[in-house]
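K.L.:
Got a structure here, written out as structure tokens. Questions coming.
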Amino acid sequence: MDAQTQRIVTVLVFGLVVGWLASFIVGGGNLIAYIIWGVLGSALAGWAVPAAGIKVNLGHPIVTNIVLSVAGAIVLVLVGRFIF
1 MDAQTQRIVT VLVFGLVVGW LASFIVGGGN LIAYIIWGVL GSALAGWAVP AAGIKVNLGH
61 PIVTNIVLSV AGAIVLVLVG RFIF
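Position 13 of the sequence shown, counted from 1, bears residue number 13 in the numbering used here, the numbering being contiguous throughout.
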């Protein structure tokens with residue numbers, strides 16, 4: 001497996017885990033929705049938190065990324081429910 005394929009698989013698996021955790025908290029979803037909300041939530045958190053000047057350190061960078069990504073996915077799921 002080349003590096004590009006490995007990155008894509010990693011993003012999709014991370015998105016799946018994050019999306020599942022977010023939907024576990026707010027309810028609903030399926031596999032495709034988990035991946036979409038997880039990847040978009042990760043992107044939202046990765047952009048919004050530094051842009052707001054917020055510094056977050058939960059001990060380990062992976063834990064910090066997961067928590068922030070889940071928070072981003074929860075925000076997206078709730079906004080999506082409000083709009084649709």
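Beta carbons: idealized from backbone N, C-alpha and C, even for Gly.
Model, not experiment: these values are computed from the prediction.
1) If distances are taken between C-alpha atoms only, which option among 52, 17, 3 comes closest to residue 62?
2) In this structure, does DSSP put residue 40 in helix, strand or coil?
3) To the nearest angstrom, report how far apart residue 26 and residue 77 are at their CA atoms.
4) Could you give the DSSP three-state label for residue 82: helix, strand or coil?
5) Kindly confirm or deny that the segment 19-33 and the segment 43-54 touch, where touching means at least three C-beta pairs closer than 8 Å.
P.N.:
In terms of the structure at hand:
1) Here the question's residue 62 lines up with position 62 in the sequence shown. If we check each option's Cα against that of residue 62, 17 comes out closest.
2) Numbered from its first residue, the sequence shown carries residue 40 at position 40. Reduced to three states, the DSSP call for residue 40 is helix.
3) As a working mapping, residue 26 is identified with position 26 in the sequence shown. As a working mapping, residue 77 is identified with position 77 in the sequence shown. Between residue 26 and residue 77, the C-alpha separation is close to 8 Å.
4) Residue numbering aside, residue 82 sits at position 82 when the sequence shown is read from its first letter. If DSSP states are grouped into helix, strand and coil, residue 82 belongs with the helices.
5) As far as the Cβ criterion goes, the segment 19-33 does not touch the segment 43-54, which means the pair count is below three.
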